[in-house]
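>
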Amino acid sequence: MVEVSELRGDLVQVTQSTRIVMRCLSTGRDSQETSQKALTLLADILDLLYRIKEQISWGEEKWHVDRSRLVALAEMLSWLNSSMKSIELYFQPGGVSVAYFRKHLLERTFLPRLEQYKILLLLAMQPDSEERSCLEEEIRYTLRLARGVDCGSTVDLQFEEDALGITSRLCSEQFIGLADLCNRRLKGSCNWFFDHTEYRRWLLGTFKTLYCVGPPGAGKTFLS
């Protein structure tokens, strides 16, 4: 059973993920037309998330807090959050860098999906009707298929075994050299930057400028 308090927490989480994605797509690295479409959709989704949170909090209508609808909303929010994480992964600094692939990922994969999520959020704010139920089920079916493709296993076990054999041999041959490089690395380097709390706060828009402090050779120039 889904509680309203849990849903409010989910809405807050998805809202934060949406704001991060908007920051990732505002870097100017993508086609202006494509990125503007995505940012417009994300702004609409953000507004709908706030409105739905207010709607279920007040519960002015009975269907606002209907159990079956709350369960469906919780499932959809988990899908939306997963999609936001995927967009962040591909479009954050250090993600996909080739403009052609970024453009096609946005246009052919994520823009249609964002449009579908926007429609589902709009439907979540409407009272029950046959037309609403049919349209919602149709869109949810499409999103389930897309999610199945995203999560499906496509691992070629033979290829993985061959690759492991090659890389293991190479790593063994170069182990002493690699160990020496690791031992001689500069203090403060080799940290995973994208998991740092200050970077996450910058993505959320807490502040405009992100300062990267580190010794020579830590990778500041490469990062910028």
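Here the sequence shown stands for residues 1 to 224, numbered as in the UniProt record's numbering.
Even glycine gets a Cβ: it sits at the ideal position worked out from N, Cα and C.
None of these values were measured; they are calculated from a predicted model.
Looking at residue 38: is its Cβ nearer than 8 Å to the Cβ of residue 114?
One-based indexing of the sequence shown puts residue 38 at position 38. One-based indexing of the sequence shown puts residue 114 at position 114. Result yes, Cβ atoms of residue 38 and residue 114 sit closer than 8 Å.
> Which full runs of the alpha helix (DSSP H) of 4+ residues lie inside the region 44-92, going along the chain?
DSSP runs (the alpha helix (DSSP H)) wholly in the region 44-92: 67-91.
> Distance check for residue 95 and residue 213, CA to CA, integer angstroms please.
Numbered from 1 along the sequence shown, position 213 holds the residue referred to as residue 213. Numbered from 1 along the sequence shown, position 95 holds the residue referred to as residue 95. Rounded to the nearest angstrom, the two C-alpha atoms are 22 Å apart.
> State the Cα-Cα distance for the pair residue 101 and residue 66, rounded to the nearest angstrom.
Indexing the sequence shown from 1 puts residue 101 at position 101. Indexing the sequence shown from 1 puts residue 66 at position 66. Answer to the nearest angstrom: the Cα atoms are 42 Å apart.
> If you drop the 5 nearest sequence neighbours on each side, which residues of the same chain put their C-beta closer than 7 Å to that of residue 53?
For this step, residue 53 is matched to residue 53 along the sequence shown. Only 8, 11 meet the Cβ criterion.
> What is the DSSP secondary structure of residue 104, counted as helix, strand or coil?
As a first step, residue 104 is located in the sequence shown; it is residue number 104 there, counting from the start. Helix.
> Can you list, in chain order, the residues of its chain whose CB lies under 8 Å from that of residue 210, leaving out five sequence neighbours each side?
On the sequence shown, position 210 is the one that residue 210 refers to. Closer than 8 Å at the Cβ level, and outside the excluded window around residue 210, lie 198, 199, 202.
> Since residue 119 and residue 139 are thought to touch, with beta carbons under 8 Å apart, how far apart are those beta carbons, to the nearest angstrom?
By one-based count along the sequence shown, residue 119 stands at place 119. By one-based count along the sequence shown, residue 139 stands at place 139. Indeed they touch by this definition, with Cβ atoms about 6 Å apart.
> Considering only their Cβ atoms, is the gap separating residue 90 from residue 105 smaller than 8 Å?
In the sequence shown, counting from the first residue as 1, residue 105 sits at position 105. In the sequence shown, counting from the first residue as 1, residue 90 sits at position 90. Yes, the pair counts as a contact, with Cβ atoms nearer than the cut-off.
> Quick one: residues in its chain with C-beta nearer than 7 Å to the C-beta of residue 103, no 5 flanking neighbours on either side, listed in chain order?
In the sequence shown, the residue the question calls residue 103 occupies position 103. Here the set comprises 30, 31, 34.
> Output the boundary residues of the alpha helix (DSSP H) element that contains residue 210.
As a first step, residue 210 is located in the sequence shown; it is residue number 210 there, counting from the start. Premise fails: residue 210 is in no alpha helix (DSSP H) and is neither H nor E.
> Return the residue from the list 130, 111, 135 that minimises the CA-CA distance to residue 122.
For the purposes of this step, residue 122 is identified with residue 122 of the sequence shown, where counting begins at 1. The residue with the shortest Cα to Cα distance from residue 122 is 135.
> Any idea if residue 79 is buried or exposed, counting beta-carbon neighbours within 10 angstroms, 16 or more meaning buried?
Start at 1 with the first residue of the sequence shown, and residue 79 comes out as number 79. Counting Cβ neighbours within 10 Å, residue 79 comes out buried, since at least 16 surround it.
> Span of the alpha helix (DSSP H) holding residue 14?
For the purposes of this step, residue 14 is taken as the residue at position 14 of the sequence shown. First-last of the alpha helix (DSSP H) with residue 14: 4-24.
> Restricting to Cα atoms, I'd like to know which of 107, 28, 132 is closest to residue 41.
Here residue 41 is taken as the residue at index 41 of the sequence shown, counted from 1. Answer by Cα proximity: 107.
> Taking Cβ positions, are residue 69 and residue 125 nearer each other than 8 Å?
Sequence index remark: in the sequence shown, residue 69 carries index 69 (1-based). Sequence index remark: in the sequence shown, residue 125 carries index 125 (1-based). No, they are not a contact pair.
> For residue 21, which residues in the same chain have their Cβ closer than 7 Å to its Cβ, ignoring the five residues on either side in sequence?
For the purposes of this step, residue 21 is taken as the residue at position 21 of the sequence shown. So the qualifying residues of the chain are 42, 84, 87, 88.
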